[in-house]
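Student:
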Amino acid sequence: MIALMKGVFPLSIQHHPLAYRHVDVFSKKPFSGNGLTVFPQSSGLPVQIMQRITQEMRQFESIFLHVEPSSSLVRASIFTMEEELDFAGHPVLGAACVLHEQMAENRQQAQWRFHLKAGTVAVTTQRQEGWYTATMDQGIPIFGEVASEEMQQQVLNALSLSTEALYRNMPMQMVSTGLPYLLIILKNDLEKAQIIHPDFEGLLAQLGAKFVYVFHLPTMEGRTWDNMGRVEDIATGSAAGPLGAYLVKYGQAQTGTEIILHQGSFVGRSSQITVQATGTSHAITSVQVSGDVAMVAHGVIDAVV
């Protein structure tokens, strides 16, 4: 049991045990995929306490839920170790499967609506033999600015990459389905990518992006980090939707066909994300992102609120 000590926050103090579920997302089996802490009943927690609990759990992200009575509407807050996010993929998928386990255990399939800062996301969950599968509709992708040659070179330098690593005719571009990513398509040198810029977040902001996603097209493997380059994400659902839409737009995938993305091998946590776009390459009408979810552990935090 983890205890947050009294006096850390300038708030009224009372004993309030907080149940959590630990799951691994984008994997059928525990101890692979992207870990996540889900707090199914956490309404009323102050933002600063949710942030501190996330730091205590030390997952890449944690998600805090409030389920509306007699409804499939779920109000959710998502935190990384550093900040609250408007949207993230693997926390929503993982949380939906936890709700299926706890609130719809006798049903093969269930539907949920997650209300996030970026908007409302529809999620469908299915119970499998020993794990769950979740699919979210990330909606219509937004294609933003294409990097100029000068900006492209700055970004490559910041990632310790050269122009020779780029895949031809695949522009460096911001794409978003809720969280804006700068997408960089490589033909080689994925293993060399690392953030070495002192203000990478500021550099990305010039292109309207929050994070970068570097993708090796020959192996369909991607990588991303926090903007200080200290932590590599294992599997990134919020980047998978934009990337799937991008691949369709530039002729590397087709609508109505599953796109299988890989991530996490560089940190020993191989993960698989499935993406499918609808519409046409010129007018994508929605992007579906799916993944398996394995239940790993449960417990209670003895939080102070």
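Residue numbers (my numbering): 8 to 312. Using N, Cα and C, we set each Cβ at its ideal position, and we do this for glycine too.
Between S183 and P249, is the Cβ-Cβ spacing less than 7 Å?
Tutor: Working through the sequence shown from its first residue, we reach residue 183 at position 176. Working through the sequence shown from its first residue, we reach residue 249 at position 242. Yes.
Student: Please list the segments of the beta strand (DSSP E) lying wholly inside the stretch 143–218, counting only runs of 3 or more residues, in order along the chain.
Tutor: Entirely contained in the stretch 143–218, the beta strand (DSSP E) runs reaching 3 residues are, in chain order, 149–153, 180–183 and 188–193.
Student: Does I267 pass the burial test, meaning 16 or more other C-beta atoms within 10 Å, or should it be called exposed?
Tutor: In the sequence shown, counting from the first residue as 1, residue 267 sits at position 260. With fewer than 16 other Cβ atoms within 10 Å, it is exposed.
Student: Which one of W119, S84 and R65 has the shortest CA to CA distance from P76?
Tutor: On the sequence shown, residue 76 is found 69 positions in, with the first residue counted as 1. Cα-wise, what sits closest to P76 is W119.
Student: To the nearest angstrom, how far is it from the Cα of V105 to the Cα of S155?
Tutor: For the purposes of this step, residue 105 is taken as the residue at position 98 of the sequence shown. For the purposes of this step, residue 155 is taken as the residue at position 148 of the sequence shown. Their backbone Cα atoms lie some 43 Å apart in a straight line.
Student: Specify the secondary structure class of V274 as computed by DSSP and reduced to three states.
Tutor: Within the sequence shown, residue 274 is the residue found at index 267, counting from 1. Residue state, collapsed to three classes: helix.
Student: Leaving out five residues before and five after Q283 in sequence, what residues of the same chain have Cβ atoms less than 6 Å from its Cβ?
Tutor: Translated into positions along the sequence shown, residue 283 becomes position 276. Closer than 6 Å at Cβ, skipping near neighbours: E265 and Q295.
Student: Can at least three beta-carbon pairs, one atom from the stretch 183–201 and one from the stretch 165–172, be found at a separation below 8 Å?
Tutor: Flag = yes, the stretch 183–201 and the stretch 165–172 touch.
Student: Smallest Cα separation from M88: which of Q279, A102 and V54?
Tutor: What you label residue 88 is simply residue 81 of the sequence shown in a count that begins at 1. For the residues Q279, A102 and V54, the minimum Cα distance to M88 belongs to V54.
Student: Where does V303 sit, in a helix, a strand or coil, going by DSSP?
Tutor: Residue numbering aside, residue 303 sits at position 296 when the sequence shown is read from its first letter. Strand.
Student: Report back the beta-carbon spacing between P24 and D309 to the nearest angstrom; my notes put them in contact at under 8 Å.
Tutor: For the purposes of this step, residue 24 is identified with residue 17 of the sequence shown, where counting begins at 1. For the purposes of this step, residue 309 is identified with residue 302 of the sequence shown, where counting begins at 1. Confirmed, about 6 Å.
Student: Does the structure place the stretch 119–130 close enough to the stretch 53–69 that three or more beta carbon pairs sit under 8 Å?
Tutor: No contact exists between the stretch 53–69 and the stretch 119–130.
Student: Which residues in the same chain have their Cβ closer than 6 Å to the Cβ of F67, if we skip the five residues on either side of it in sequence?
Tutor: Here the question's residue 67 lines up with position 60 in the sequence shown. The residues are D240.
Student: Nearest CA to the CA of N195: which residue from M177, P225 and D144?
Tutor: The count along the sequence shown starts at 1 and reaches residue 195 at position 188. Of the listed residues, the one whose Cα sits closest to N195 is P225.
Student: With DSSP as the reference, please indicate the residues paired to T87 in a beta bridge.
Tutor: As a first step, residue 87 must be located in the sequence shown, where it is residue number 80. DSSP, once it has assigned bridges, lists E68 as partnering T87.
Student: Per DSSP, which one or two residues make a beta bridge with Y220?
Tutor: For the purposes of this step, residue 220 is taken as the residue at position 213 of the sequence shown. L190, per the DSSP bridge assignment.
Student: On the premise that R65 lies in contact with V45, defined as a C-beta separation below 8 Å, what is that separation, rounded to the nearest angstrom?
Tutor: By 1-based counting over the sequence shown, the position of residue 45 is 38. By 1-based counting over the sequence shown, the position of residue 65 is 58. About 15 Å; that fails the 8 Å criterion.
Student: In angstroms with no decimal places, state the Cα-to-Cα distance between V81 and K124.
Tutor: Within the sequence shown, the letter at position 74 stands for residue 81. Within the sequence shown, the letter at position 117 stands for residue 124. Taking the straight line joining both Cα atoms gives about 12 Å.
Student: Assuming V32 contacts A242 under a Cβ cut-off of 8 Å, what Cβ separation, rounded to an integer in Å, is found between them?
Tutor: What you label residue 32 is simply residue 25 of the sequence shown in a count that begins at 1. What you label residue 242 is simply residue 235 of the sequence shown in a count that begins at 1. Contact flag correct, Cβ pair sits at about 7 Å.
Student: Run through DSSP, which three-state label would T293 get?
Tutor: Taking the first residue of the sequence shown as 1, we reach residue 293 at position 286. Reading the sequence as shown, one finds Ser at residue 293 and not Thr. DSSP places S293 in strand when its eight states are reduced to three.
Student: Reducing DSSP to helix, strand and coil, say where V54 ends up.
Tutor: Residue mapping note: residue 54 aligns to position 47 of the sequence shown, counting from 1. Note: V54 maps to helix in three-state DSSP.
Student: Tell me the DSSP secondary structure of Q109 in three-state form.
Tutor: For the purposes of this step, residue 109 is identified with residue 102 of the sequence shown, where counting begins at 1. Of the three classes helix, strand and coil, the one that applies to Q109 here is helix, per DSSP.
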